[in-house]
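Each number in this note's numbering comes from the position in the sequence shown (counting from 1) with 468 added on. Every residue gets a Cβ at the ideal spot worked out from N, C-alpha and C, and that includes glycine.
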Amino acid sequence: MAKEVSIKGYQCEKCGKAYAFENQADDCCKEYFCRECGVKLDKYHTLCERCKEKVAYEKAKKMTYEEYVKEYGDNMVVFGDDYYSEIEDVLDYCVQNEIEPPKYVWGTSKQTVKLDADTIEENALSDVFEDAKFSYKGMEELRTFLDEWNKKHRIDYYIEEPIVVYVPEDMLKDLDKQI
Ligand SMILES: [Zn+2]
Ligand SMILES: [Zn+2]
Numbered sequence: 469m470a471k472e473v474s475i476k477g478y479q480c481e482k483c484g485k486a487y488a489f490e491n492q493a494d495d496c497c498k499e500y501f502c503r504e505c506g507v508k509l510d511k512y513h514t515l516c517e518r519c520k521e522k523v524a525y526e527k528a529k530k531m532t533y534e535e536y537v538k539e540y541g542d543n544m545v546v547f548g549d550d551y552y553s554e555i556e557d558v559l560d561y562c563v564q565n566e567i568e569p570p571k572y573v574w575g576t577s578k579q580t581v582k583l584d585a586d587t588i589e590e591n592a593l594s595d596v597f598e599d600a601k602f603s604y605k606g607m608e609e610l611r612t613f614l615d616e617w618n619k620k621h622r623i624d625y626y627i628e629e630p631i632v633v634y635v636p637e638d639m640l641k642d643l644d645k646q647i
């Protein structure tokens, strides 16, 4: 038993390839351009690398290195995809690798991982009867113990933030002398 049917499809107007759905055909030969500078991009991209950096720069909080150190202490800085303890290290890296030193680097915020008594209790008792609790005294001891433990063993790490930290002019000048 057969019945004749016509199946609807969509064709890319440019290359002629057929698809079941209209958006697929629309997307087929669609070209992507940077919305800032118009350069041609890979599929689904909207900003080129240069403009991405430019937009991020414009939106970022900006500070001198002095201000950064004052506000964020010994936080690391980011250049490229790498984290450095201080700007001097970024410049050393540039000299060693013959890269032009940057005018600015990115700031970071400090994150800390500590062990937490309540989470430990919750995990330990998750399969026990409802409302199970360790004794109050036991939890107090654990908290006191963990306070000390965290002071010694907590993990600090840094994540990149939208903060532009300018490389001090005099550091760049010193660098010119070295090259
Ligand atoms: Zn096409
Ligand atoms: Zn662009």
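Looking only at C-alpha atoms, which of 486, 609 and 590 sits nearest to residue 600?
-> In the sequence shown, residue 600 corresponds to position 132, counting from 1. Looking at the Cα atoms, 590 is the closest of the given residues.
Is it true that the CB of residue 580 sits closer than 8 angstroms to the CB of residue 629?
-> On the sequence shown, position 161 is the one that residue 629 refers to. On the sequence shown, position 112 is the one that residue 580 refers to. Result no, Cβ atoms of residue 629 and residue 580 do not sit closer than 8 angstroms.
Spatially closest choice to residue 525 from 513, 634 and 500, by CA coordinates = Counted from its first residue, the sequence shown places residue 525 at position 57. That would be 634, whose Cα lies nearest to the Cα of residue 525.
Which ranges does the alpha helix (DSSP H) cover as unbroken runs of at least 4 residues, wholly within the segment 543-619, from first to last along the chain?
-> 555-565 and 585-592
Please indicate yes or no: does the CB of residue 526 lie closer than 7 angstroms to some heavy atom of ligand 2?
-> Within the sequence shown, residue 526 is the residue found at index 58, counting from 1. Checking every heavy atom of ligand 2 against the Cβ of residue 526, none is found closer than 7 angstroms.
Residue 514 bridges to which residues according to DSSP?
-> Taking the first residue of the sequence shown as position 1, residue 514 is located at position 46. According to DSSP, which records beta bridges pairwise, residue 514 is partnered with nothing at all.
What residues come near ligand 1, if near means a beta carbon less than 6 angstroms from any of its heavy atoms?
-> 480, 482, 483, 485, 496 and 497
Put residue 537 into one of helix, strand or coil per three-state DSSP.
-> Mapped onto the sequence shown, residue 537 falls at position 69. Three-state result, residue 537: helix.
Just how far apart, CA to CA, sit residue 501 and residue 515?
-> Sequence index remark: in the sequence shown, residue 501 carries index 33 (1-based). Sequence index remark: in the sequence shown, residue 515 carries index 47 (1-based). Taking the straight line from one Cα to the other gives about 7 angstroms.
Compute the minimum distance between the beta carbon of residue 523 and the heavy atoms of ligand 2, and state whether it is under 7 angstroms.
-> Indexing the sequence shown from 1 puts residue 523 at position 55. No, the Cβ of residue 523 stays beyond 7 angstroms of every heavy atom of ligand 2.
Check whether the segment 611-629 touches the segment 564-578, counting contact only when three or more Cβ pairs, one atom from each stretch, lie closer than 8 angstroms.
-> yes
Alpha carbon of residue 604 to alpha carbon of residue 620, nearest angstrom | Working through the sequence shown from its first residue, we reach residue 604 at position 136. Working through the sequence shown from its first residue, we reach residue 620 at position 152. The straight-line gap from Cα to Cα measures roughly 25 angstroms.
Reducing DSSP to helix, strand and coil, say where residue 641 ends up.
-> If you number the sequence shown from 1, residue 641 lands on position 173. Here residue 641 sits in helix by DSSP.
Under 8 angstroms, do residue 533 and residue 544 count as touching if we go by C-beta distance?
-> In the sequence shown, the residue the question calls residue 533 occupies position 65. In the sequence shown, the residue the question calls residue 544 occupies position 76. Not closer than 8 angstroms, so no.
Using the beta-carbon count (16 or more within 10 Å), is residue 475 buried or exposed?
-> The residue you call residue 475 lines up with position 7 of the sequence shown. Exposed, because fewer than 16 other Cβ atoms sit within 10 Å of the Cβ of residue 475.
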